[in-house]
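Peer 1: Could you have a look at this structure, given as structure tokens, before my questions?
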Amino acid sequence: ARPPRMGKARKKKGAAAAGSKGGGRKKGAGGLVLKAKQGGKRSLKETLERRLHGGLFRTLNEELYTRSGEANFARFSKEPWLAEAYHRGFREQTARWPSNPLDAIIASLAAETRRLVVADFGCGEARLGAELEGTHRVHSFDLVSTSPGVIACNMAATPLATASVDVAVFCLALMGPSFLDFLLEAHRVLRPRATLKIAEVRSRFDERQGGVDAFLRTLAALGFDLCRPHDASNSHFLAFDFLKAPKRRPDLDEVRRIGFAFKVCLYKRR
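Just so we're aligned: the sequence shown equals residues 1 to 270 in our numbering.
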């Protein structure tokens, strides 16, 4: 009898050896096929962790945009670790933007020669306060204090005194159905003729809800006058500067008649 042929066995061995090298492909959980880590490529574990964090960020983002300020404050107060998870996802999102609207707000305030009292509503990791430290006095507010100086609160009820603030800032912070309550709180704490700065995602201005025009009429009904035409130069965001009218109180009946509402800002699932 002839001895068995070894060609196929050698071929399989060679294929196994090739698969054990850094450039081979691995099959992970759920049949996910990935290249093994080589150089700058992510490992299976790192990729799955990124997907897990991304899913948590999208869930938290949806909750922030659909729940009241009171409900969000209660949730994050009970589970403060969620704030860091959200900030991590938010940092990953901002890295993809052509520009960050917070940069323009910081630059405009840094150019002010008079020392100002600033209230940063929805400050996140308090970058505005950190960069303007020594230039202005900045009060930073968010659902959880994740950075030094941040005051955890529902932004509809800050501890600031009435008419004590020169500039109120909402940079991508008018989230959820309580956005009108946040703006009413800004009206309370701002001095007459003080400034309200708002930056928001362009796509949130729904033409079916009146778009930018309805938003401006709503702000006028709340007691704020537009300082100058809004900045539409950014492809992703719109920026507005308002002044608090000195003798006009918020007209909530007019606000309800206008009926403006933002679209919910949701990130696509990947």
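Every residue, glycine too, gets a C-beta built ideally from N, C-alpha and C. A quick note: this is a predicted structure, and the numbers were derived from the prediction, not measured.
#1: Given G259, which residues of its chain have a CB within under 6 Å of its CB, disregarding the five upstream and five downstream residues?
#2: Taking only beta-carbon atoms, is A130 less than 8 Å away from chain C?
#3: Quick check: the Cα distance between T66 and R204, rounded to an integer number of angstroms?
#4: Is the segment 143 to 150 close to the segment 164 to 176, with three or more CB pairs under 8 Å?
#5: What does DSSP give as the partner residue(s) for I198 in the beta ladder?
#6: Verify whether the separation of the beta carbon atoms of N234 and S140 is less than 8 Å.
#7: Tell me whether the beta-carbon of L243 lies closer than 8 Å to the beta-carbon of H187.
#8: Can you name, in chain order, every residue of its own chain whose Cβ lies under 8 Å from the Cβ of A85, other than the five neighbours on each side?
#9: How many angstroms separate the CA atom of A194 from the CA atom of V165?
#10: Judging by CA-CA distance, which residue of P101, F121, D206, S178 is the nearest neighbour of V150?
#11: Can you give me the Cβ contacts of E200 inside the same chain, cut-off strictly under 7 Å, excluding the 5 residues immediately before and after it?
#12: Based on Cα-Cα distance, which residue from P229, C123, H136, R202 lies nearest to C265?
#13: Using CA coordinates, which residue listed in W81, D231, L183, L219 is at the minimum distance from R257?
#14: Report all residues from its chain with a CB closer than 8 Å to the CB of V274; omit the five preceding and five following residues, and keep chain order.
#15: Excluding five sequence neighbours on each side, which residues of the same chain lie with their C-beta closer than 8 Å to the C-beta of K263?
#16: For S147, does the three-state DSSP call read helix, strand or coil?
#17: By DSSP, does A83 sit in helix, in strand, or in coil?
#18: Applying the 10 Å Cβ sphere with the 16-neighbour rule, what's the burial state of C123?
#19: Give the straight-line distance between the Cα atoms of R137 and A214, rounded to the nearest whole angstrom.
#20: Starting from F121, trace the beta strand (DSSP E) both ways and give me its first and last residue.
#21: Look at the alpha carbon of A110 and the alpha carbon of T135, and state the distance between them as a whole number of angstroms.
#22: Who are the near neighbours of I198 in its chain, counting only those whose CB is closer than 6 Å to its CB and skipping five residues on each side?
#23: Out of R228, L216, C227, H230, which has the shortest C-alpha to C-alpha gap to E254?
Peer 2: From the atom records:
#1: none
#2: The displayed structure is made up of one protein chain only, and chain C is not part of it.
#3: 13 Å
#4: no
#5: F170, F240
#6: no
#7: Between L243 and H187, the C-beta gap is not smaller than 8 Å, which leaves the two residues out of contact.
#8: H53, L56, F57, L60
#9: 7 Å
#10: F121
#11: L172, L174, F237, L238
#12: Comparing C-alpha distances from C265 to each of P229, C123, H136, R202 shows the shortest one belongs to R202.
#13: L219
#14: The requested residue 274 does not occur in the structure, where the chain is confined to residues 1 to 270.
#15: Hits under 8 Å: S203, R204, F205, D206, Q209.
#16: coil
#17: The answer is helix: DSSP assigns A83 an H, G or I state.
#18: buried
#19: Pairing R137 with A214, the inter-Cα distance amounts to about 33 Å.
#20: 117 to 121
#21: 7 Å
#22: F170, F240
#23: L216
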